[in-house]
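Q: Protein chains in written order, with this note's numbering: chain G, 1 to 501; chain P, 502 to 637. Sharing a structure, written as structure tokens. Questions coming.
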């Protein structure tokens, strides 16, 4: 058996691209890392594996705690982590969702080709930067008040439709049609609402961006056709989340759960994993608040998409409808969802992991995906009708100097990853190291002159921190996903211009 | 400078020191400001805040969280932090002030939240030190 060891953590190779940390000590289930040898070296280079082991301690963990190919160290639960807990006897953990609830990506199509855009790049990047709020204190597309925030939290993209910021087709191409039915705005604190009301329709900063891209490669013609993608087509990628409202909600519930369920916390190896027992008052409240934040993030991306349509109209002097600027799909990266999965159970019917199951049963689980993407395959009833025959679209952004990918949910995702795959290239280098190794203006100049990628950001430091060399090889991440059958490669895109907060 | 920004794969860590807990926590808050903005001008009006919590770590967490909240609702970056920490009957209290640097005067990034991950607060020979990871 091939084994590898990193800082005393031993992994056994189960099969190609599947590595297992066997259950030991207080681990509730084994852990798995889905990676090539090259990616495993990078994953083992920081505290990702220890955080993954820690995650297995969450009550009611089922199957395996899983690290996706783009996994890296975060706080508490690793980024690129998937953990499914029993929705009846397990728990829900805000730290396993992340502070930026429903941080995610949406892709908007156009019928423009790269030739249509060439020569307009500088005008386009300047216009997008001027019109899409970004950075700290940049405001939002909508000057919100508390009533607006409440409506957004409750109704998601339905609100945007009624307010004229969306069309019905947008809802039909968004997960859950852009509205979480379990949302409970009353469970979101006034503090969170205060933070959110001035940020509705804003990119934020850090790794969030809006990028115009061109389709460079199509790998599955039939699926690409169903998605409306073809080579040389221009698309727009929007990556952002629920802004201060979501961050505050995670913070609020981490602290509430810490105080009320200190007995659960005492058995966990990291305070950032604080978890509310399934069925408890706080578990229900957090789930309702999180779903409301999911709605907020969907509206946030919807407003930015609407503004982007307006910018394209001015730059190209055509209506957005004429340019076919339709939503392909919107995926969440930081989320927990009640989902039904077939899992191994012990003789008493309790979900178990790691090959000790006596039987398999359908169970309702809280599937935590932190820096991971839902990847449901063709035929699954929760895949939107528009894509049910081919599988759910998955959007995996790369860095601003590398390709991004569109995948579709793979047939093996339900068995291997509770219907999940990677969410991006995954960071390789700290921000402090990035600023030592890269100079923002130099990165910008090289991207423009050598790769014809036009970048505009609030500061040079942001560009340096997000330089292409800071990220893992997205091609390798996607190769592993495709080979494992958890997310099948459909198309590759490449940046044309990018704005960052 | 009684704080240092430390590398972290995805986020930013702050290591802070001070003669007492108040000074150490204020230094951590200055680290939060430095993680938000590279160059902070010496402008802005001071404001005060008070935070209570059940323990030392919880107090540092809630204090930094409160500064992030004030940042978003006031539209200023809290800098030049000063604080005193006390404990009365098991409740921990921080009374603090900060200079609110208007966003219009700086180029800043969003620090999303304070985390408990790897948080440490402890005595050292000549005072206190704290370590906190910020989600950026």
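Where a beta carbon is used, it is the ideal one built from N, C-alpha and C, also for glycine.
Taking Cβ-Cβ distances shorter than 9 Å, what residues in chain G pair up with residue 513 of chain P?
A: 430, 431 and 432
Q: Give the DSSP-derived three-state secondary structure of residue 97 of chain G in the structure shown.
A: coil
Q: Could you give the first and the last residue of the continuous alpha helix (DSSP H) run that contains residue 272 of chain G?
A: Note, residue 272 of chain G: premise wrong, no alpha helix (DSSP H); not H, not E.
Q: If you measure between the beta carbons of residue 424 of chain G and residue 70 of chain G, is that distance less than 7 Å?
A: yes
Q: At a Cβ threshold of 7 Å, is residue 576 of chain P touching chain G?
A: yes
Q: Check each candidate in G:17, G:376 and G:112 and name the one with the smallest Cα separation from residue 67 of chain G.
A: Distance check between residue 67 of chain G and each of G:17, G:376 and G:112 places G:17 closest, using alpha-carbon atoms only.
Q: Counting contacts by CB-CB distance shorter than 7 Å, is residue 608 of chain P in contact with chain G?
A: yes
Q: Here's a check: name, in chain order, each residue in its chain whose Cβ is nearer than 8 Å to the Cβ of residue 555 of chain P, leaving out the five neighbours to either side.
A: 591, 592 and 593
Q: Where does residue 103 of chain G fall in DSSP's three states?
A: Residue 103 of chain G falls in the coil class under three-state DSSP.
Q: Return the residues of the segment 54–76 of chain G that lie within a Cβ-Cβ distance of less than 9 Å from chain P, sorted by chain order.
A: 72, 73, 74, 75 and 76
Q: Use the C-beta contact count for residue 213 of chain G: other C-beta atoms within 10 angstroms, 16 or more gives buried, fewer gives exposed.
A: buried
Q: Would residue 577 of chain P pass as a contact of residue 603 of chain P if the rule is Cβ separation under 7 Å?
A: Cβ distance < 7 Å, so residue 577 of chain P and residue 603 of chain P count as in contact.
Q: Going by Cα to Cα distance, which pick from G:81, G:2 and G:56 is closest to residue 34 of chain G?
A: Looking at the Cα atoms, G:81 is the closest of the given residues.
Q: Candidates G:434, G:366, G:97 and G:472: which alpha carbon is nearest residue 61 of chain G's?
A: G:366
Q: Let's test the definition: count the other Cβ atoms within 10 Å of the Cβ of residue 225 of chain G and tell me whether it reaches 16, buried, or not, exposed.
A: exposed
Q: Give a yes or no on whether the C-beta atoms belonging to residue 520 of chain P and residue 628 of chain P are separated by under 7 Å.
A: yes
Q: Is there a Cβ of chain G sitting closer than 7 Å to that of residue 565 of chain P, yes or no?
A: no
Q: Could you say if the segment 39–55 of chain G and the segment 382–400 of chain G meet the contact criterion of at least three C-beta pairs nearer than 8 Å?
A: no
Q: If we count Cβ pairs, one from each stretch, closer than 8 Å, do we get three or more for the segment 74–94 of chain G versus the segment 357–373 of chain G?
A: yes
Q: By how many angstroms is the C-alpha of residue 491 of chain G removed from the C-alpha of residue 219 of chain G?
A: 6 Å
Q: Return the CA-CA distance between residue 481 of chain G and residue 596 of chain P, expressed in angstroms with no decimal places.
A: 51 Å
Q: Would you mind sorting residue 417 of chain G into buried or exposed? The rule is 16 or more other CB atoms within 10 Å of its CB.
A: buried
Q: Excluding five sequence neighbours on each side, which residues of the same chain lie with their C-beta closer than 7 Å to the C-beta of residue 248 of chain G?
A: 189, 191, 192 and 195
Q: Against chain G, does residue 560 of chain P count as a neighbour if the rule is that its beta carbon must be under 7 Å from one of theirs?
A: no
Q: Considering only the alpha carbon of each residue, which of G:86, G:483 and G:448 lies closest to residue 496 of chain G?
A: G:448
Q: Could you tell me whether the Cβ of residue 41 of chain G comes closer than 7 Å to any Cβ of chain P?
A: no
Q: Sorted by chain position, which residues of the same chain lie with C-beta nearer than 8 Å to residue 110 of chain G's C-beta, five sequence neighbours on each side aside?
A: 233, 234, 235, 236, 312, 323, 324 and 325
Q: Nearest by alpha-carbon distance to residue 539 of chain P: which of G:489, G:265 and G:460 is it?
A: The candidate whose alpha carbon is nearest that of residue 539 of chain P is G:460.
Q: Mark residue 511 of chain P as exposed unless 16 or more other C-beta atoms lie within 10 angstroms of its C-beta, in which case mark it buried.
A: buried
Q: Chain G beta carbons: is any one of them nearer than 7 Å to that of residue 573 of chain P?
A: yes
Q: Specify, as a first and last residue, the run of the beta strand (DSSP E) that residue 68 of chain G falls within.
A: 61–75
Q: Between which residues of its own chain and residue 427 of chain G is the CB-CB distance below 7 Å, once the five residues before and five after are set aside?
A: 72, 470 and 471
Q: Taking a cut of 9 Å between CB atoms, which residues from the segment 81–100 of chain G lie near chain P?
A: Cβ contacts with chain P come from 95, 98, 99 and 100.
Q: Give the secondary structure of residue 515 of chain P by DSSP, where H, G and I count as helix, E and B as strand, and everything else as coil.
A: strand
Q: With DSSP as the reference, label residue 168 of chain G as helix, strand or coil.
A: helix
Q: CB residue 92 of chain G to CB residue 334 of chain G, shorter than 7 Å?
A: no
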